[in-house]
Amino acid sequence: MEGNRRDNIVLPGTVVRFARIIAATALRRADAFFETLEKMPADPRRHVEALARAEGPHALYVHMPFCHQPLCRFCCFVRYPFDREMNRSYMKALAAEATWLASTAEAAKVPLVYIGGGTPSIDVYALAELVDVLRSYFGRGIDVSTEASPLDIDDEAVQVLRSAGVKRLSIGIQALSNERLRRLGRLSNTVEDALRAVEAARGRFETLNIDIVWGIASDTPETVYNEARRALELGASQVTFYPLMPAPGLRRLLRERREGPWHPMEPRLYEAVLQAARDAGYRPATPWCMDQGSELIDEYVVDYDRFLAIGLSAIGRTEGYIYVNTFTPERYVKLVAERGHAAALAKKLTVEEDMLYYASSMAFGLRWCPEQLRKRYGLLARGLNAMVAAALRILGEQKRDGSCYVLETPGSLYAAHAVQRSIYMAVNGLREWGMKTGA
């Protein structure tokens, strides 16, 4: 890696081992939570009652599941090959579920809409129409963020999205060499497609994010650093470096092959990401999102611990209640037609579960605010605050912003990365289960 050796980022072995212990605990807890959720079908009447109680600011997540073929092998989100007729039916159902949600959760305010997938941009005109529908229900002033494939982004698509008022565009380029794309199983586009898309979008949105995936078997610190520097030099407002996050089926296979789920050089690879960002003048907004001062970052859960959700497999959380929509397009369309919504699973959160989610989101946003936790959860927060205070001392974290710790040391960033990766691997287990069972 480049740079003055004295300034190179190095994670001490004790910090790595400590972070892995925390991450393993998080994975066990999260796996157990989602395995329990899989056994809890949503009660339609109680679902209506729960969302009717939602009030105050909530983000809105919208899932659009259809993708270009072949489907990416590394992706753990719920996605299906694009079919024009099914997409048309799905978009009508999305609009209908949005209608139901707006009339049911009347007291909730939605300042931000995040549209993910899948590939939302696969039909950019239908996407723009959906944004107009959402504005009609949730307000003309909502901030809209959407994901996109490089295949779909050209001057015409950019103009359509800008006219719809999209503020933040996230292009999933994933890799900047065709060999890395091949190893990831991303075969629907080339690096040249990605570079053309970034060129078309650069400077046209308030925030332009690009995604890069790291942690494939052939990665070394040098290859990750060089890939990261190249991505950071493309002129995007943000670059989000996602680690591979295998679901349980792949985790078992990797363990059998002695290949994971942790890359053998994973701490060094993460050092390379941080080093490249520092050398390029970017700062972490989350452990993965390297930013140059954007207002909207890649993870809506950082700014909104409560979020509503529409679309298949979408997960919502509000007022101590979590719900997950059904996982197949056909069942989604059918359920929305029958009852206005498509909730398949739901659970009333215990106070401890609610606190742990809130705390993990806070740490992912690189802050730890013990007073906020105490005010929100009372005596229950005392033990968690004490454990985190001890952990921050081990990680060398001292900086404060008022009553909150600012997580900025490499050790704290690595710990936040390891924990969030574990949580998302557990979420991917739920998605894997849902696609297998058709829940």
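If you read the sequence shown in this note's numbering, its first letter stands for residue 16, the second for the next number, and so on.
Here a beta-carbon is modelled for each residue, glycine too, at the ideal position from N, C-alpha and C.
Sequence-distant residues of the same chain with beta carbon closer than 7 Å to residue i, five excluded per side
i	result
SER104	VAL348
GLY28	none
ALA41	VAL434, SER437 and ILE438
Assigned exposure category for residue i - 16 Cβ within 10 Å defines buried
i	result
GLU207	exposed
ASP46	buried
ILE227	buried
ARG438	Here the sequence assigns Ile to residue 438, which means Arg is not the residue at that position. Per the 10 Å Cβ criterion, buried.
GLU171	exposed
GLU286	buried
LYS124	exposed
ALA401	exposed
ARG43	exposed
ARG410	Note on residue identity: the sequence assigns Leu, not Arg, to residue 410. Label assigned to LEU410: buried.
ILE186	buried
VAL442	buried
SER427	buried
ASP158	buried
For residue i: DSSP bridge partner residues
i	result
ASP294	In DSSP, ASP294 forms no bridge with anything.
CYS419	ASP416
THR333	TYR336
PHE322	ALA74 and ARG332
PHE81	TYR95
SER185	GLU162 and ASN224
THR255	ASP226 and CYS304
TYR129	TYR76 and SER160
ARG382	VAL421
LYS362	ILE337
PRO344	Its beta-bridge partners do not exist; DSSP assigns none.
Euclidean distance between Cα positions of residue i and residue j
i	j	result
ALA357	PRO236	44 Å
ALA243	ILE188	12 Å
MET450	GLY180	33 Å
PRO302	TYR429	7 Å
GLY156	GLU334	24 Å
SER52	CYS304	The sequence shown places Leu at residue 52, not Ser. Answer to the nearest angstrom: the Cα atoms are 29 Å apart.
PHE91	ARG332	It should be pointed out that residue 91 corresponds to Cys in this sequence rather than to Phe. Rounded to the nearest angstrom, the two C-alpha atoms are 20 Å apart.
MET440	HIS278	14 Å
LYS54	CYS419	38 Å
MET260	ALA120	33 Å
GLN9	TYR297	Residue 9 falls outside the range modelled here, since the chain spans only 16 to 454, and no answer is possible.
CYS87	ALA251	23 Å
ALA69	ARG415	32 Å
PRO385	ILE24	28 Å
Whole-number beta carbon distance between residue j and residue i, since they are thought to touch under 8 Å
i	j	result
LEU388	ALA396	4 Å
SER136	ASP167	4 Å
ILE359	ILE337	Reading off the sequence shown, one finds Ala at residue 359, where the question assumed Ile. That belief does not hold up - the Cβ atoms of ALA359 and ILE337 are roughly 12 Å apart, past 8 Å.
ASP306	ALA300	4 Å
GLY444	THR343	GLY444 to THR343, Cβ: 18 Å. No contact.
Own chain residues within Cβ distance below 6 Å of residue i, not counting five before or after
i	result
ALA143	VAL175 and ALA179
PRO85	LEU202
Contacting residues, own chain, Cβ-Cβ under 8 Å from residue i (five flanking each side not counted)
i	result
PRO282	LEU26, VAL31 and TYR429
TYR315	ALA74, TYR76, LEU127, TYR129, SER160 and PHE322
Min CB distance residue i to chain D below 9 Å
i	result
CYS82	You won't find chain D in this structure, because it holds only one protein chain.
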